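> Dropping a structure here in structure tokens format, bear with me for questions.
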Amino acid sequence: MLRLRFYPNSQGVWVGELHADETRLLATTHPATIAAAIFAMDTHSLRVETDKGNLEMQFPVDMGELDTLGRLTHDKEMDKWMSLFCTFSRFDFANPLPDDTHADIHFRTAVHYLPPLLVKVYPSEPEPKDFKKQLKKRNQYIYYPWC
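Read in order, the letters of the sequence shown correspond to residues 1 to 147 in this note's numbering.
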């Protein structure tokens, strides 16, 4: 089962850290990239773990879980992270809405960094010509794998 853990970075921003069993897969400050990674793995459940407790939940997240998730958060910033994660969990990253200019880069970033054997869903369109430039910019939010 996938596990989502958290730790604060040096500036106090929450980093979401995704694990499969004991293997660390991805750590980032952006909840959309974590949601995109879970989408790419075509996984439908995960365990959220914080110092305040644990919760096994479905993916996409049932919005009814927000209150339970809220009891696991440490502060307003983590609460915001969780709320955004819940929203992003409902996105179809392989076929984003035409006016969504960010879903594709989060999805491609997640697919780029995940172990290839775990990726089950890929972007439906070819890689944009400026993807490497976009990835380099996105790397400022990635804590693992090391960029």
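Ideal Cβ placement from N, Cα and C applies to all residues, glycine included. Note that this is a predicted model, so its numbers are computed, not measured.
Of the choices E77, T28, M82, whose alpha-carbon is the least far from that of R47?
M82
> So Q140 is in the beta strand (DSSP E); what residue range does that whole segment cover?
Taken as a continuous stretch (DSSP letters only), Q140 belongs to no beta strand (DSSP E), as it is neither H nor E.
> What ranges does the beta strand (DSSP E) occupy inside the segment 21 to 106, keeping only unbroken runs of at least 3 residues that lie completely in it?
23 to 28, 45 to 50, 53 to 58
> How about H106 and F93: are their beta carbons less than 9 Å apart?
yes
> For the beta strand (DSSP E) that P123 lies in, which residues bound it at each end?
P123 -> no beta strand (DSSP E), and no H or E assigned at all.
> Looking only at its chain, what residues have a beta carbon closer than 6 Å to the beta carbon of L26, apart from the 5 residues adjacent to it on each side?
L18, A37, Y113
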